[in-house]
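Numbering (the numbering used here), first residue to last: 818 to 966. The beta carbon of each residue, even a glycine, is placed where N, CA and C say it ideally should be.
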């Protein structure tokens, strides 16, 4: 468990994290994402990437089972994410990080290093997820190849 006086992966004060148990809404969301043909990343309320689906695996070239959960701020270096012009981007600027930290939708055009080593232009839309009673659960990012970027 994370001490309550630390910050999470997007710079907010963190609360103790349940590493072995997830909210039923996140479990169902992960199940739903596994059926969707659009690449999807699911993140917890404390900024950990919990899951990405098979279409996302095909773009980034690694299976979720091989990478496992990771802090959102690790996405930029792990998957070599750049802005739409190819310049380095801060983790806090990722739409997924914005959706977690600010609890509002975000959209951006980015580039991600693909399986073959080339950068693929993608459009990313992320939005926060709330459970019953307004409980903040995390965020979802959907992305797709965008040759305009």
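Using DSSP with H/G/I as helix, E/B as strand and the rest coil, what is residue i?
i, result
"residue 881", "helix"
"residue 895", "helix"
"residue 920", "coil"
"residue 950", "helix"
"residue 936", "strand"
"residue 874", "helix"
"residue 926", "strand"
Measuring CA to CA, which of the options is closest to residue i?
i, options, result
"residue 915", "901, 889, 896, 905", "889"
"residue 869", "854, 862, 935", "854"
"residue 893", "913, 881, 918, 883", "913"
"residue 956", "932, 924, 875, 878", "924"
"residue 930", "910, 878, 954", "878"
"residue 918", "937, 883, 872, 865", "865"
"residue 944", "863, 874, 920, 875", "920"
"residue 875", "932, 899, 840, 905", "932"
"residue 935", "896, 948, 911, 952", "896"
What does the alpha-carbon distance come out to for the pair residue i and residue j?
i, j, result
"residue 860", "residue 843", "9 Å"
"residue 846", "residue 902", "32 Å"
"residue 848", "residue 959", "15 Å"
"residue 906", "residue 882", "26 Å"
"residue 904", "residue 858", "22 Å"
"residue 963", "residue 880", "22 Å"
Taking the alpha helix (DSSP H) that residue i belongs to, which residues open and close that run?
i, result
"residue 911", "Neither: residue 911 is in no alpha helix (DSSP H) and is coded neither H nor E."
"residue 865", "Where residue 865 is concerned, there is no enclosing alpha helix (DSSP H), although the beta strand (DSSP E) it sits in stretches over 865-869."
Residue j and residue i - do their beta-carbons sit closer together than 8 Å?
i, j, result
"residue 872", "residue 886", "no"
"residue 939", "residue 961", "yes"
"residue 941", "residue 928", "no"
"residue 954", "residue 850", "no"
"residue 840", "residue 948", "yes"
So the beta strand (DSSP E) residue i belongs to, where does it begin and stop?
i, result
"residue 841", "Residue 841 -> not in any beta strand (DSSP E); alpha helix (DSSP H) instead, spanning 841-852."
"residue 906", "Careful: residue 906 lies outside any beta strand (DSSP E) and carries neither H nor E."
"residue 860", "857-861"
Is it the case that the CB of residue i approaches a heavy atom of the ligand SAH more closely than 7 Å?
i, result
"residue 914", "Ligands displayed in this structure: none; no statement on the ligand SAH is therefore possible."
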